[in-house]
Each structure stands twice: as C-alpha cells, then as structure tokens.
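Beneath this line is the structure, given in structure tokens, with notes to follow.
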Amino acid sequence: MNFIYEYPFYAAASALGIRVIAADLIGLGTPGQHTYVNHTEEGHATLDAARAGLVFSGVPTDSPVAFYGYSQGGGAAAGAAELAASYAQELSVKGTFAGAPPSDLLEVVKAVDNHMIAGVAGYAVNGALTRYPELGPLMDRYLNDEGKWPYPR
Numbered sequence: 001m002n003f004i005y006e007y008p009f010y011a012a013a014s015a016l017g018i019r020v021i022a023a024d025l026i027g028l029g030t031p032g033q034h035t036y037v038n039h040t041e042e043g044h045a046t047l048d049a050a051r052a053g054l055v056f057s058g059v060p061t062d063s064p065v066a067f068y069g070y071s072q073g074g075g076a077a078a079g080a081a082e083l084a085a086s087y088a089q090e091l092s093v094k095g096t097f098a099g100a101p102p103s104d105l106l107e108v109v110k111a112v113d114n115h116m117i118a119g120v121a122g123y124a125v126n127g128a129l130t131r132y133p134e135l136g137p138l139m140d141r142y143l144n145d146e147g148k149w150p151y152p153r
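Sequential numbering from 1 applies to the sequence shown in UniProt numbering.
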C-alpha cells in the first residue's frame, strides 16, 4: 500500500468512525511468492482481511463492509466485490471503489511501454509463473537467458 496517496482517505474514513483494514496480499507481508494481479488470490486475501477485521474489532460480524483500492489495490477491491457472493457470503458488502485496476493486462502493457513503470509487466509474468508453473515451457520458448533472469523458478 502506498501511504503517500492512500493515507488521506484512510485518515478521513477513520475520523468518521469507519474501521480501516489494509490487506497484506499473498507474498506481501505474508509467506509465499507474491502473485501480482491474480484476481482470485487478491480478492480472497481482501475478503479474509475483512472477516478478520470484523472479528478482531469486536463489531457484529454482519456489520457493513466496503472495499476501496487503487491500481493493484483497485484490482484487489474489484476481486473482493466480484467474489464475495461465492467466497464470503456472510459478509454484508455495501460498496466498492476500484480505481485503475489492472484488469486488462494487454492494455496495461501498451500503456506502460517506454515508461519507468514498465517493470510491472515482469511482476505480472512472475506472478503467473508462481501460480501456474505449467507456463514455464512457454516462457522458455519465447525468452532467452537474459530475458529469463528476473523470473526465478
């Protein structure tokens, strides 16, 4: 989470009495390799964080829940909203803001080409290889050794 642009929202929400929970996605503060832009895993992690937040804050577990995120956090918020009905039926989800979620990765790659942030494409490849190791032979076919070095397997 980038506190530089997220903090004002969290501070304002907290000032209104809203409990704010920031999810550690898999591999970001938790064990395991980070699976960047994996819709299902980010959504599940966000829903699990909401469940934990309700339990540990002592509020009724049917209290209203909303999701907010930008960029990768937007993808996690969107994933949580989409998966809540099947993965966390007990949550009372009332709203979601998903800002700039990286949902169409081909469009993301086009948008970041020739920019400093182009490395995010590598994060997406690494995340896919982590979750779907059967993609390894495809990578081997299209990348030379220099192109493979960022992707430990």
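The beta-carbon is built from N, C-alpha and C at its ideal position, and this holds for glycine as well. Please read all numbers here as calculations on a predicted model, not as lab measurements.
- The straight-line gap separating the alpha-carbon atoms of H39 and A84 is approximately 12 Å.
- CA-to-CA, the gap between A50 and P133 works out to about 30 Å.
- Taken through DSSP and simplified to helix, strand or coil, V20 comes out as coil.
- Taking a cut-off of 8 Å on C-beta distances, the stretch 3-15 does not touch the stretch 26-43, as fewer than three cross pairs fall below it.
- Residue pairing by DSSP places F67 opposite T96 in a beta bridge.
- For the pair P150 and S63, the Cα-to-Cα distance works out to about 43 Å.
- Per DSSP, A128 is one residue of the alpha helix (DSSP H) stretching across 120-131.
- As the crow flies, the alpha-carbon of R131 is around 24 Å from that of A98.
- Assigned with DSSP and collapsed to three states, V109 falls in helix.
- Following the DSSP letters along the chain, one finds D48 inside the alpha helix (DSSP H) bounded by residues 39-57.
- Rounded to whole angstroms, the separation of the alpha carbons of G95 and F9 is 15 Å.
- Here the stretch 103-111 makes no contact with the stretch 85-92; the two share fewer than three CB pairs at distances below 8 Å.
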